[in-house]
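Residue numbers (the working numbering): 2 to 539.
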């Protein structure tokens, strides 16, 4: 760690340099910057504290960014420490704002020379506020120790203990000397200071533990000498400790200009001689003259002091006015820079939005093309389904025509067989008539027998033919009935399939048409929304 000496008389360049650094992007750099700022506020020129009070917004920004970045990898290890360090520095600056008589190192001699008061009530409030600051410091140093990383040298964290040790020891020394002086002032009313003594004793033991832990850190002891506190806190009643006295309250101008006249020494007994009386009158006149000269000299001295005080006041007011003007100029410059950065940020944001809108438009155009392709594919699919359905309907019509033709052929064959059967029946009846006529006309048995044999043979042949014809008829009738039943069932089945196909085609047409309409409606809605967004952005 580099040790700095703050021997310049303004801290504005340091703050400007800190703001120019990318502290919010690097946790280690941000933490080191807070260490440097703490050392500057504590050991810098007396104007560093008023100037630091104007930069509290910058410190709050660092603390807020660290508090809102627990999920970022870059702030995983130091976010808690940075937030706590910022809070401590803000508390220290707030104490200096309420007590501007203090320097950054809490020097006791400088305090009593500047303050010039011995008011116990005011001292009580000062010490109470200072002990509260000491408690904040103790909480922060404990947090630093708790955040030590095992397996690491922790040099950055240890470096932050350097100003904490120096700060805490400065507060401890001031509180010790101030409390001893206050106990001497309030002799006989020490009970009123009991709360301060209790807090002081507790802070003594806490600091002793803190310094003991620091003395075990070799890297820290190589940078500074860690103080060693006694086992028990000092006796605040002053038996074994002699602090410098508190300054007395100065006399008012009226007291200085009008001193209480000294009681004149009673004159010696009058002598009866005239020389002694003359000497006494001369001595009295000389004494009155000297007193008048002393009053004139004190009045002149008071006027000179008043004139000097007015000149100092005017110089101080002039310095304050110049400081305010510089701060105002710096604030205006900072505001101009912030405005410029905001304008640039807005321009970049608008450009990014335009690029995003252009990309969105291209993506929408691709989506539209995809929707159009999908609609065309669906239309082609519907056309193919309709064509397939038409082909199926045409094939079924052809099959129905073929079946009807076959039925017509079987009907014609059946009608021909029926005619042949009627013809054979008629011939059979005619043969029976002839047989009777022959039997009546036959003269001889042989002829009759011959004719009978021939007739019987013909009858048998005719019966056989008739039986064959009847079997053919029955077979044709059964085949016709079976074909008619099968044809009716096939026609019914084909009709049901045709109706089912037509229902499926109509349902598919409705579904595809509804899907296409829904997609077109969604596309049109998105297109209108994007168009309105584009109009709003432009």
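Cβ atoms here follow ideal geometry from the backbone N, Cα and C, with glycine treated the same way.
Assignment of residue 79 by DSSP, reduced to helix, strand and coil, places it in the coil class.
A residue is called buried when at least 16 other Cβ atoms come within 10 angstroms of its Cβ; residue 133 does not meet this threshold and is exposed. With contacts defined as CB atoms closer than 8 Å, residue 201 and residue 180 qualify as a contacting pair. Of the residues assessed, residue 164 falls on the buried side of the cut-off, its CB having 16 or more other CB atoms within 10 angstroms. Sequence-distant partners of residue 64 (beyond 5 residues in either direction) whose C-beta falls short of 6 Å from its own C-beta, in its chain, are 84 and 87. DSSP, reduced to helix, strand and coil, places residue 88 within a helical segment of the structure shown. Counting C-beta pairs with one atom in each stretch, the stretch 488 to 501 and the stretch 346 to 354 have fewer than three that are closer than 8 Å, which means they do not touch.
Nearest to residue 106 by alpha-carbon distance, out of 81, 41 and 144, is 41. The C-alpha of residue 519 lies about 31 Å from the C-alpha of residue 394. In this structure the stretch 359 to 370 does not lie against the stretch 469 to 479, because fewer than three pairs of beta carbons, one per stretch, are closer than 8 Å. Between the stretch 151 to 167 and the stretch 38 to 58 there are three or more inter-stretch CB-CB distances shorter than 8 Å, so the stretches are counted as touching.
Going by C-alpha positions, residue 523 is about 41 Å away from residue 495. Non-local beta-carbon contacts of residue 534 in its own chain, meaning distances under 8 Å to residues more than five positions away in sequence, involve 358 in chain order. Going by C-alpha positions, residue 299 is about 10 Å away from residue 293.
Residue 411 and residue 389 have their C-alpha atoms spaced approximately 33 Å apart.
In this structure, DSSP gives residue 133 a helical state, which the three-state scheme calls helix.
Where residue 166 is concerned, the enclosing alpha helix (DSSP H) starts and stops at 162 to 186. Where residue 39 is concerned, the enclosing alpha helix (DSSP H) starts and stops at 28 to 44. Its Cα nearest to that of residue 80, the residue 26 stands out among 26, 493, 91 and 52.
In the DSSP assignment, residue 199 falls within the unbroken alpha helix (DSSP H) covering 195 to 216. Shown here, residue 106 sits in coil according to DSSP, grouped into three states, outside any helix or strand. By the C-beta density criterion, residue 158 is buried, having at least 16 other C-beta atoms within 10 angstroms.
Rounded to whole angstroms, the separation of the alpha carbons of residue 146 and residue 161 is 11 Å. Residue state for residue 408 is assigned as helix, using DSSP reduced to three classes.
Three or more beta-carbon pairs drawn from the stretch 88 to 102 and the stretch 129 to 143 are found closer than 8 Å, and the two stretches are therefore classed as touching. In the three-state scheme derived from DSSP, where H, G and I count as helix and E and B as strand, residue 523 is classed as helix.
Cβ atoms of residue 82 and residue 148 come within 8 Å of each other, at about 6 Å. The DSSP-derived three-state label of residue 149 is coil. Taking a cut-off of 8 Å for Cβ pairs, the stretch 453 to 464 and the stretch 427 to 435 touch, as three or more such pairs fall below it. In this structure, the CA atom of residue 29 is about 10 Å from the CA atom of residue 35. The beta carbons of residue 89 and residue 141 sit about 5 Å from each other, so the pair counts as a contact at 8 Å. By the 16-neighbour rule on beta-carbons within 10 angstroms, residue 306 is exposed. By the CB criterion at 8 Å, residue 361 and residue 531 fall inside the cutoff. The beta carbon of residue 372 lies closer than 7 Å to those of 520 and 524 in the same chain, with the five residues before and after it left out. Inter-residue distance for residue 387 and residue 493 is about 23 Å (C-alpha atoms, whole angstroms).
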